[in-house]
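Have a look at the structure below, then the notes.
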Amino acid sequence: MLFAFCHWLATSRIGIIMRDSTWDFAIVEVVHLLALAIFGGAALLVNLRFLGLVFKAQTRSQVARELLPLTGGGVIVMFISGFLMMANGPVRYYYNPAFRLKMALFLVALLVHFFLQIKVANEKAIEEKSPVWLKFGAIVSVLLWLSIGLAGRAIGYV
Amino acid sequence: MQILLHLCQWIYSTHLSVAIRGSVWIFPIIETIHVLGITVLVGTISIFDLRLLGWLMKREPVSRIAAQLLPWTWGGFVVMFITGVLLTISEAEPNYYNIAFRIKLLLLLLVGLNPLIFHLTIYRRVNTWDVSDVTPIRARAAATASLLLWAGIIIAGRMIAYIH
Numbered sequence: 003m004l005f006a007f008c009h010w011l012a013t014s015r016i017g018i019i020m021r022d023s024t025w026d027f028a029i030v031e032v033v034h035l036l037a038l039a040i041f042g043g044a045a046l047l048v049n050l051r052f053l054g055l056v057f058k059a060q061t062r063s064q065v066a067r068e069l070l071p072l073t074g075g076g077v078i079v080m081f082i083s084g085f086l087m088m089a090n091g092p093v094r095y096y097y098n099p100a101f102r103l104k105m106a107l108f109l110v111a112l113l114v115h116f117f118l119q120i121k122v123a124n125e126k127a128i129e130e131k132s133p134v135w136l137k138f139g140a141i142v143s144v145l146l147w148l149s150i151g152l153a154g155r156a157i158g159y160v
Numbered sequence: 002m003q004i005l006l007h008l009c010q011w012i013y014s015t016h017l018s019v020a021i022r023g024s025v026w027i028f029p030i031i032e033t034i035h036v037l038g039i040t041v042l043v044g045t046i047s048i049f050d051l052r053l054l055g056w057l058m059k060r061e062p063v064s065r066i067a068a069q070l071l072p073w074t075w076g077g078f079v080v081m082f083i084t085g086v087l088l089t090i091s092e093a094e095p096n097y098y099n100i101a102f103r104i105k106l107l108l109l110l111l112v113g114l115n116p117l118i119f120h121l122t123i124y125r126r127v128n129t130w131d132v133s134d135v136t137p138i139r140a141r142a143a144a145t146a147s148l149l150l151w152a153g154i155i156i157a158g159r160m161i162a163y164i165h
């Protein structure tokens with residue numbers, strides 16, 4: 003089914019535009035990187051707050067809530083721009099092991115990170131220190147996003 | 002700029018430059034670390050800029066946000082700078098002719114001047130506007146300049162590889 007989708011995307015209008023133009027790809031790639039700076043910085047700070055390493059004067063719930071537009075908005079822009087880059091050669095990416103790894107890690111990171119951030123953002127009680135599961139989750143989230151970055155760069159080299 | 006060209010040619014011929022260029026893996030690894038450094042650097046700076054613009058953390062004093070973010074911003078800067086120098090060394094001669102590289106250096110100079118001016122002027126009186134959600138116009142101007150310049154640096158940086 004995924005393969006059929008990739009095949010359809012390759013022959014679609016978007017697929018043909020992304021394949022045939024050098025500059026469309028460059029522009030989309032730059033948008034992907036700009037969103038990465040916003041998303042990556044905000045996601046890191048949210049997880050660092052869960053670990054008690056930054057913004058200690060604000061509650062972790064406040065930090066999770068204040069930065070949700072940046073992590074949420076950032077991930078949406080990255081997903082759309084990433085999808086457009088993928089449309090450049092969907093069948094080729096389908097067989098690329100780095101791309102497959104990146105997508106699998108992305109799915110897990112998306113669930114782990116946003117489950118934690120949204121849950122903490124909705125906390126009402128005056129909190130004390132972060133529980134162990136939250137600290138553990140924050141470390142997992144940072145490591146997942148980091149591996150996604152590495153896998154993403156490897157797509158062009160494998 | 003003949004002397005600068007000769008310098009770039011000499012750097013391009015050094016062992017370090019040849020070694021980074023010659024390996025399939027070293028360049029992309031340094032490049033990936035460079036991007037991660039930029040993410041931390043620009044990500045933390047953007048959050049500070051967005052606070053100056055009054056978009057987030059409005060109840061938190063500006064100076065406290067600055068103090069909390071600064072160690073991470075500097076950490077990102079050091080990583081970005083060291084890896085950036087290594088990448089530049091490996092492509093010193095082609096970079097000399099690369100218009101995107103020249104634009105990037107110019108923008109880096111400007112983005113360095115921006116906080117210098119900010120700290121010597123409006124930020125000196127931060128105690129008078131530290132807790133206000135609407136910051137002075139000059140602080141918002143500095144934040145806007147910072148966001149635009151960093152975006153320009155990322156765009157120019159990526160374009161280095163597209164222009165030959």
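Line order of the protein sequences matches chains A and B.
One point on numbering: in the working numbering, the residue at position 102 of the first sequence is 104, and numbering is uninterrupted.
One point on numbering: in the working numbering, the residue at position 61 of the second sequence is 62, and numbering is uninterrupted.
Glycine included, every Cβ here is placed at the ideal spot set by N, Cα and C.
The structure displayed is predicted, hence computed values, not measured ones.
Next on the checklist: At the level of alpha carbons, what is the spacing between Pro92(A) and Met20(A)?
Outcome noted: Cα-Cα distance, rounded: 10 Å.
Practice problem: Say whether chain B places a C-beta atom closer than 8 Å to the C-beta of Arg15(A). | Solution: By this cut-off, Arg15(A) is not an interface position.
- Query: What distance in whole Å lies between the Cβ atoms of Ile155(B) and Ala39(A), which are believed to be in contact at a cut-off of 8 Å?
  - Reply: The Cβ separation is near 7 Å, so the contact holds.
Q: Closer than 8 Å by beta-carbon distance: list the chain B residues that pair up with Glu31(A), in chain order.
A: Proximity of chain B to Glu31(A) at the Cβ level (cut-off 8 Å) is accounted for by Arg159, in chain order.
Residue from Leu148(B), His7(B), Ala101(B) with nearest C-alpha to His165(B):
That would be Ala101(B), whose Cα lies nearest to the Cα of His165(B).
**Report entry** Within chain B, partners of Leu152(A) - CB distance below 7 Å
**Finding:** Taking a Cβ-Cβ cut-off of 7 Å, the neighbours of Leu152(A) in chain B comprise Thr33, given in sequence order.
| Going by other Cβ atoms of all chains shown within 10 Å of its Cβ, with 16 needed for buried, is Gln69(B) buried or exposed? | It counts as buried.
Notebook entry, point to check: By DSSP, does Asp50(B) sit in helix, in strand, or in coil?
Noted result: Helix, per DSSP.
Taking DSSP as the reference, what is the three-state secondary structure of Tyr96(A)?
In this structure, DSSP gives Tyr96(A) a helical state, which the three-state scheme calls helix.
Exposure of Ser143(A), with buried meaning 16 or more beta-carbon neighbours within 10 Å:
With 16 or more Cβ atoms within 10 Å of its Cβ, Ser143(A) is classed as buried.
Going by DSSP in three states, Gln60(A) sits in which element: helix, strand or coil?
Here DSSP, grouped into helix, strand and coil, assigns Gln60(A) to coil.
Assign Lys58(A) to buried or exposed, taking buried as 16 or more other Cβ atoms, counted over all protein chains shown, within 10 Å of its Cβ.
-> Counting Cβ neighbours within 10 Å, Lys58(A) comes out exposed, since fewer than 16 surround it.
> Who are the near neighbours of Pro99(A) in its chain, counting only those whose CB is closer than 7 Å to its CB and skipping five residues on each side?
Replying inline: For Pro99(A), where only same-chain residues beyond five positions count, the Cβ hits under 7 Å are Val160.
Thinking C-alpha only, which one of Glu92(B), Ile161(B), Leu106(B), Leu121(B) is nearest Leu8(B)?
Relative to Leu8(B), the option among Glu92(B), Ile161(B), Leu106(B), Leu121(B) whose CA is nearest is Glu92(B).
_Taking the beta carbon of Phe138(A) as the centre, do at least 16 other beta carbons fall within 10 Å, making it buried, or is it exposed?_
Per the 10 Å Cβ criterion, exposed.
Please go through the same chain and pick out, in chain order, the residues whose beta-carbon is closer than 8 Å to the beta-carbon of Ala141(A), but skip the five residues on each side of it. In the sequence as presented, Ala is not what sits at residue 141(A); that position holds Ile. Within the same chain, Ile141(A) has close Cβ partners Asn49, Leu53.
- Message: Pop quiz: Ile150(A) and Phe108(A) are said to be a contact at Cβ under 8 Å. What is the actual Cβ separation, rounded to whole angstroms?
- Response: Correct: roughly 6 Å between the Cβ atoms.
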